[in-house]
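Read through the structure below, which is laid out as structure tokens, and then see the notes.
Numbering (the UniProt record's numbering), first residue to last: 1 to 95.
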């Protein structure tokens, strides 16, 4: 997990790469074919789980790579006692 400082505050991000990223990209393409162009920067809605904490969110594609990004809220960080640099196991259910 890494930290990113934006204009509106600090965000904690989990990078999704490899076969998992490819599966998300394929899901997004199928949704686009089925539903047409959508708003939301090409994001895909998900249920995400880290440890015992589950929440509804979105994953966002990175424009110059095959990586996808999941934002992790402070509420989740506190509940799972996570900090910047921690390795995390994330489960995603694509919606």
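Just so it is clear, CB atoms sit at the ideal spot from N, CA and C, and this is done for glycine as well.
The model shown is predicted, which means the values in this text are computed figures rather than measured ones.
Problem set entry | the stretch 29 to 39 / the stretch 58 to 76 touching (three or more Cβ pairs under 8 angstroms) | no
Exercise. Whose C-alpha, out of 17, 37, 43 and 42, is nearest the C-alpha of residue 89?
Worked result: 17
For this session: Could you round the C-beta distance between residue 49 and residue 59 to whole angstroms and report it? I think they count as a contact, below 8 angstroms.
Result: Between residue 59 and residue 49 the Cβ distance is about 13 angstroms, and since that is not below 8 angstroms, they are no contact.
Exercise. Rounded to a whole number of angstroms, what is the C-alpha to C-alpha distance between residue 76 and residue 13?
Worked result: 12 angstroms
Problem set entry | Per DSSP, cross-strand counterpart(s) of residue 12 | 3 and 72
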